[in-house]
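Report on one structure; see the data block that follows.
Protein chains: 2
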Amino acid sequence: MNLKQLSEKLSLSQTTVSRALNGYPEVAEETRRRVADAAKRFGYRPSPSARRLATGKAGMIGYVMPTGDAVHIDTHFIEFLSGIGDYARTHELDLALSPTNLDDEEATYRRLLAAHRVDAVYVSSPTTADWRIRLLEESGMPYIVHGRSEGHDFEFPFLDIDNEGAFHDAARLLLQLGHERIALLNGNEGQTFADHRERGMRKALAAHGLILPDRFVSRMTMTEENGYRAARRLLADSDRPTALICASLMQALGIMRAVGDLGLSIPDDLSLISHDDVFPFLKPEGFSTPLTTTCSPIRAAGERIAERLAARIAQTETGPVGEVWPVDLIVRGSVGRAPRKVTKQRLVSPA
Amino acid sequence: MNLKQLSEKLSLSQTTVSRALNGYPEVAEETRRRVADAAKRFGYRPSPSARRLATGKAGMIGYVMPTGDAVHIDTHFIEFLSGIGDYARTHELDLALSPTNLDDEEATYRRLLAAHRVDAVYVSSPTTADWRIRLLEESGMPYIVHGRSEGHDFEFPFLDIDNEGAFHDAARLLLQLGHERIALLNGNEGQTFADHRERGMRKALAAHGLILPDRFVSRMTMTEENGYRAARRLLADSDRPTALICASLMQALGIMRAVGDLGLSIPDDLSLISHDDVFPFLKPEGFSTPLTTTCSPIRAAGERIAERLAARIAQTETGPVGEVWPVDLIVRGSVGRAPRKVTKQRLVSPA
DNA sequence: AAAGCTTTCCAAAGCGCTTTGGCTGCCGCA
DNA sequence: TGCGGCAGCCAAAGCGCTTTGGAAAGCTTT
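Chains as they are written, first to last, in our numbering: chain L, 1 to 351; chain E, 1001 to 1351.
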């Protein structure tokens, strides 16, 4: 059933039916209702291709997906993608992926921009002075950055969470509980969000007259394995930290394994706070010791980005709009008062 | 630059130019060359939307991507997707993802089929008597299954690797090296590829008059963690296996960690063979003990599936074509002769 | 040399939608 | 009574491509 047939059934012109369906003002309310009814009854679905041809929009949002050597396949990616998809599928949008290996990334972007097959693009995991942002800014293609990037001489539209505030609050909580040796297991070098988190934590410490010693902060790809390693190293020290803040649940899992191996316990020997991007397959409240987290659903962010991209395509949103989402600190069983003292005995006790 | 403009520049009709570009026969070779030249020179790119409207094809291949509770985010997924994308981007195809949570999966499929927005679909990780295959078969939508599914009363097009042969060969190699206690760390219940692998291994053992005892085979989601756990359990046994075959590199990593923790060594105490789907970020030849693998690049499979889907859309390929790729057994340092005997001492030696 | 093929090209009709530029009544106003 | 204004509708012109149904020109055949 197409527009023409539908309009004939209604004894209306295609123009009117089209306008009724798309919410244009110059159509009587009563008519609009009739049209909407009929459309539903006959199961009318406008053809995307026709619409795209007529409007000149591709109806797609694009993402350049790096794959290849040295690319850490990110668990966040799919979850975020799902959020985008949630919005996309209900709004006549499609999500087109352009895989690329890291070497070709710039070429892939340029091709994407030139080929005019997508209406908007989003950029994830921006690094400092990310060249992709500059490229997009110059191209005129609507885009949104998920996260922030520093070191540009222009503003750009982004959606980010308040990483600094989140880790500030997390650290402050631990300080209030009497912890003074707090370590940070952070994301990789160059990732803006990791910089922000570290900054937030340092500020909280500074407010208590403390600093974050180098040996208490490590940067890493956020895997279980790396979390385990870093925790083993940290906890083997004679003046080991009494609390840990980490940047992802994967790291938290590794940390908990390390803690178990060493015969320590959470929160008695170590308080632990993790950032949680809210994965459906991993719930910190279900851990054997429920985990305190700074929490921000990444899927919702994906959905919001899709929504804003749609707005930018429609020119409803313009300019370098920045959006920073607050992050909740959810206190659960994994934090407790700082232990009085670390006994020698415990330090060497085996698994 | 569109077709009309290009055809004017060439003093040809749109028809001829279109045909020349699309390889139709009724155009002189010389003309075709002129057209191709001009097209390149002016950077002409046909508009996908227009083409789609005219041909009635959506120009997209679809994938229903499960996300949500209990979905194990699969590392294979992105790599496979990349393969699809490699083909897609050079062939006027786009890859459209429809995320869904597991509960809605069937509804999502039905919507996808009804909405007519994709020309073909692929199905991954089929289970026994997979309902998705039946649904697609009945819908008339072109599709290909990546893997196989048993228990259907009809044939269907698929691309699979020779899992049975691969694990047969792997087991045979170990048997030839004198191993008699060989354990299998397999994928999850219900996954056809895992069934096939187990079958192959059993056949090889049977040919040597051996069987695979229940305690030597475990099914699991193929993660590092699960590999570690299973290996710890197996290797703690007094009559522990002298060789292990596992279904993914992730498991292999876990196994190697377990072996290290127990103070054992590969291949002296344990021979290890893993299946390798060839991830760019994980190379078994680079392991401290290079790993023997059964090897089949999953990205190439993605590419091939895209190619075949394109053929099915064009009706070049029809019918229940099945394609089974051979799997290479690549012998590296992680296999050796079976140890003479397992000493008591070793069995209890700590990390 | 006329008839019949081939080869090579073209004009024009869609594909299904959006959007421009009217056209019709009907109301209110002077 | 006449006229401008407005709400509500329509016809038709695209959007850029593919494809149908010729048609002209060149060759072969009888």
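Every residue, glycine too, gets a C-beta built ideally from N, C-alpha and C.
{"Item": "So what's L:Ala20 in DSSP terms, helix, strand or just coil?", "Value": "helix"}
{"Item": "Roughly how many angstroms lie between the CA atoms of L:Asp37 and L:Glu303, to the nearest whole one?", "Value": "29 angstroms"}
{"Item": "Could you give the uninterrupted runs of the alpha helix (DSSP H) lying entirely in the stretch 146-173 of chain L, keeping only those of 4 residues or more?", "Value": "none"}
{"Item": "Could you compute how far the alpha carbon of E:Gln1014 sits from the alpha carbon of L:Val17?", "Value": "33 angstroms"}
{"Item": "From L:Arg148 to L:Pro126, what distance separates their C-alpha atoms?", "Value": "6 angstroms"}
{"Item": "Can you confirm whether L:Leu21, when its beta carbon is compared against all beta carbons of chain E, has any partner nearer than 8 angstroms?", "Value": "no"}
{"Item": "For the beta strand (DSSP E) holding L:Ala314, just list the boundary residues, first then last.", "Value": "Per DSSP, L:Ala314 belongs to no beta strand (DSSP E) and is neither H nor E."}
{"Item": "Counting only the same chain and skipping the five closest in sequence on each side, list residues whose C-beta sits under 7 angstroms from that of L:Met222.", "Value": "Gly187, Ala247, Ser248, Met250 and Gln251"}
{"Item": "Examine chain E for any beta-carbon lying closer than 8 angstroms to the beta-carbon of L:Pro48, and answer yes or no.", "Value": "yes"}
{"Item": "Between the Cα of L:Tyr143 and the Cα atoms of L:His168, L:Asn226, L:Arg340 and L:Leu113, which residue gives the shortest distance?", "Value": "L:Leu113"}
{"Item": "Report the residue ranges of all beta strand (DSSP E) runs contained in full by the stretch 1266-1293 of chain E; include only those spanning at least 3 residues, in chain order.", "Value": "1271-1276"}
{"Item": "Where do the ends of the beta strand (DSSP E) carrying L:Ala219 lie?", "Value": "In the sequence as displayed, the identity of residue 219 of chain L is Arg instead of Ala. Here the beta strand (DSSP E) through L:Arg219 covers Val217 to Arg219."}
{"Item": "Would you list the residues sitting across from L:Val64 in a DSSP beta bridge?", "Value": "L:Ser98"}
{"Item": "Can you find a C-beta in chain L that's less than 8 angstroms from the C-beta of E:Ile1078?", "Value": "yes"}
{"Item": "According to DSSP, is E:Asp1037 part of a helix, a strand, or is it coil?", "Value": "helix"}
{"Item": "With DSSP run on the structure shown, which of helix, strand or coil describes L:Ser139?", "Value": "helix"}
{"Item": "Hey, L:Ile78 and L:Trp325: beta-carbon distance below 8 angstroms or not?", "Value": "no"}
{"Item": "Is the CB of E:Ser1098 under 8 angstroms away from at least one CB in chain L?", "Value": "yes"}
{"Item": "Rounded to whole angstroms, what is the Cα-Cα separation between L:Ala20 and E:Val1321?", "Value": "47 angstroms"}
{"Item": "From the beta carbon of E:Asp1094, is the nearest beta carbon of chain L less than 8 angstroms away?", "Value": "yes"}
{"Item": "Starting from the beta carbon of E:Ala1300, find every residue of chain L whose beta carbon is closer than 7 angstroms, and list them in chain order.", "Value": "In chain order: nothing, as chain L lies at least about 13 angstroms away."}
{"Item": "Quick check on this structure: which residue in L:Pro48, L:Arg52, L:Leu6 and L:Gln176 has the alpha carbon closest to the alpha carbon of L:Leu42?", "Value": "According to the sequence displayed, residue 42 of chain L carries Phe and not Leu. Taking only the C-alpha atoms, the option nearest L:Phe42 is L:Leu6."}
{"Item": "Which whole-angstrom value is the C-beta distance of L:Ile273 and L:Thr289, which I expect to be below 8 angstroms?", "Value": "That pair is no contact at about 12 angstroms."}
{"Item": "What is the residue span of the alpha helix (DSSP H) that E:Asn1002 lies within?", "Value": "Counting along the chain, E:Asn1002 falls outside any alpha helix (DSSP H), and DSSP gives it neither H nor E."}
{"Item": "Return the residues of the stretch 207-226 of chain L that lie within a Cβ-Cβ distance of less than 8 angstroms from chain E, sorted by chain order.", "Value": "Glu224 and Glu225"}
{"Item": "Note down, in chain order, every chain E residue with its Cβ under 8 angstroms from the Cβ of L:Ala306.", "Value": "Those within 8 angstroms of L:Ala306 in chain E number zero; the least Cβ separation is about 11 angstroms."}
{"Item": "Considering only the beta carbon of each residue, do E:Leu1053 and E:Ala1306 sit closer than 8 angstroms?", "Value": "no"}
{"Item": "Alpha carbon to alpha carbon, how far is E:Tyr1228 from L:Gly260?", "Value": "15 angstroms"}
{"Item": "Please give me, in chain order, every unbroken run of the alpha helix (DSSP H) with length at least 4 that falls completely inside the stretch 177-254 of chain L.", "Value": "192-207 and 224-236"}
{"Item": "As a quick exercise: from L:Ala120, L:Asn163 and L:Phe167, pick the residue whose alpha carbon is nearest that of L:Val145.", "Value": "L:Ala120"}
{"Item": "Considering Cα atoms alone, identify which of E:Leu1270, E:Glu1008, E:Glu1150 and E:Gln1315 is closest to E:Ala1194.", "Value": "E:Glu1150"}
{"Item": "Using a Cβ-Cβ distance cut-off of 8 angstroms, determine whether E:Ala1115 contacts chain L.", "Value": "yes"}
{"Item": "Go through its chain and collect everything with a Cβ distance to L:Glu371's Cβ below 8 angstroms, but skip five positions before and after it.", "Value": "Residue 371 of chain L lies beyond the range of chain L shown here (1 to 351); nothing can be said about it."}
{"Item": "Taking CB distances under 8 angstroms as the criterion, tell me whether E:Ser1296 reaches chain L.", "Value": "no"}
{"Item": "Along the alpha helix (DSSP H) that carries E:Ala1120, what are the first and last residues, could you check?", "Value": "Premise fails: E:Ala1120 lies in the beta strand (DSSP E), Ala1120 to Ser1124, not in any alpha helix (DSSP H)."}
{"Item": "Rounded to the nearest angstrom, how far is the Cβ of E:His1076 from that of E:Asp1328, given a contact under 8 angstroms?", "Value": "Between E:Asp1328 and E:His1076 the Cβ distance is about 18 angstroms, and since that is not below 8 angstroms, they are no contact."}
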